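Numbering (this note's numbering), first residue to last: 1102 to 1543. Beta carbons are placed, not taken as given, at the ideal position from N, Cα and C, and that holds for glycine. All of these numbers come straight from a predicted model, not from anything done at the bench. First up is the structure itself, then whatever we jot down about it.
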């Protein structure tokens, strides 16, 4: 697969070079290595990621990215290299008896080489150690600057083949970077790979940034910017061109922007006197339309993946709770019940769950429930957890945790079973994360 240079927009899939399957021999479907996620008996799958042959520096880089990704997913346990029984050759079948003796069930081998023009060719194979068969294999052609990204693509291929769950490693995270003293934090918008690599600042800190959200369809991020002495307003920045524009009525505070699934509209909260209503905006014409109108504070709206509904929070019932309505504002109805308040809803890309923050008894929990309000579950609970956002495959929820005191927030992710929780590295304190869609095809 041909990959775009990392500073440019990823090329659409239709324009990429053909991806070459390297399947050496078929594996009967009933014998395929599979990992069932969930259930009380769940254990991470033991797997080995061999150093990729060929270019020694880039081979180790790519295989290291794969091993780190699979470990961070919580669903795999990569074998320590000190226990490897051999250094497997890429063009030959591994010594399966020796690998079985280590207890691993999967093995990834690979090779990184350069052609005469200096372009990179990255190949990999995934082996089922128990059956002694290859499960899948692929080849990517790209610029050497994209070596790390091929590691993410390989990680996605291995992860999806074994778990049956969609990919998520080839994605990015935007967040609010917080530095300086607690009472005067500089808040900048930053973007990085989902594993914490390739961090870059998008804003300089002249305005405090709050609640960024990726567009599902374009290279845009919307956020609320607060400049000293000015009304907070929603802004949209394009990551490809750097162009930045304020949207909404200059006389009204606008907040909590979210894109429609096609990226053509924003839904946000706009202050109307002492209240706040949900407003939609067409980004091309800038035409606005209020879809709630009452004596309440309605905020944090988010579209369903098909664009037909909007989930939001409101205090119209006396406390912050989660409501769902049609995308035109029709049939608003409450879906969160139980102890405490519920806020900051985020709809899963799969459409099956809504994540939110529940506050009760002085603690903050990251929870999920079905769109009808049933099946509420706590994924993680503590002193201060906020700001849930889903991974592109809907299997993980990213949030930030602030321990209080003079410190600051840090990013964490938890899977929707609540059994896997991992820190997400950032340069400094961090809050308000938002997960991008998959980069491939964008």
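Across the structure, residue 1281 and residue 1199 are spaced so that their CA atoms are roughly 53 Å apart. Counting along the chain, no beta strand (DSSP E) covers residue 1260; the unbroken alpha helix (DSSP H) around it starts and ends at 1248-1264. DSSP places residue 1149 in no alpha helix (DSSP H) but in the uninterrupted beta strand (DSSP E) bounded by 1146-1150.
When only Cα atoms are considered, residue 1332 and residue 1353 end up about 7 Å apart. Straight-line spacing of the CA atoms in residue 1214 and residue 1267 works out to 28 Å.
In the three-state reduction of the DSSP assignment, residue 1503 falls in the coil class, being assigned neither a helical nor a strand state.
Distance from the Cα of residue 1207 is smallest, within the candidate group 1307, 1151, 1191 and 1224, for 1151. Its chain contains 1151, 1195, 1196, 1208 and 1210 as the residues whose beta carbon lies nearer than 8 Å to that of residue 1189, once the 5 sequence neighbours on both sides are disregarded; these appear in chain order.
Assigned with DSSP and collapsed to three states, residue 1539 falls in coil, not helix or strand.
Collapsing the DSSP output to three states places residue 1312 in a strand.
Put simply, the backbone Cα of residue 1168 is about 17 Å away from that of residue 1191. The DSSP-derived three-state label of residue 1167 is helix. Straight-line measurement puts the Cα of residue 1466 at about 12 Å from the Cα of residue 1519.
Annotation for residue 1273: no alpha helix (DSSP H) segment contains it, though the beta strand (DSSP E) segment containing it runs 1273-1280.
A Cβ-Cβ separation of about 11 Å leaves residue 1246 out of contact with residue 1159 under the 8 Å criterion. Taking C-beta atoms as the reference points, residue 1321 and residue 1338 count as a pair closer than 8 Å.
In chain order, 1443, 1456, 1457, 1458, 1459, 1477, 1478, 1479 and 1480 place their CB closer than 8 Å to the CB of residue 1468, counting only its own chain and leaving out the 5 sequence neighbours on each side.
Distance from the CA of residue 1515 to the CA of residue 1473, rounded to the nearest whole angstrom, comes to 22 Å. In the DSSP assignment, residue 1242 falls outside any alpha helix (DSSP H) and lies within the beta strand (DSSP E) extending over 1234-1243.
In this structure the stretch 1380-1391 does not touch the stretch 1413-1421; the number of beta carbon pairs closer than 8 Å is below three.
In this structure, the CA atom of residue 1502 is about 47 Å from the CA atom of residue 1218. The three-state secondary structure of residue 1198, taken from DSSP, is helix.
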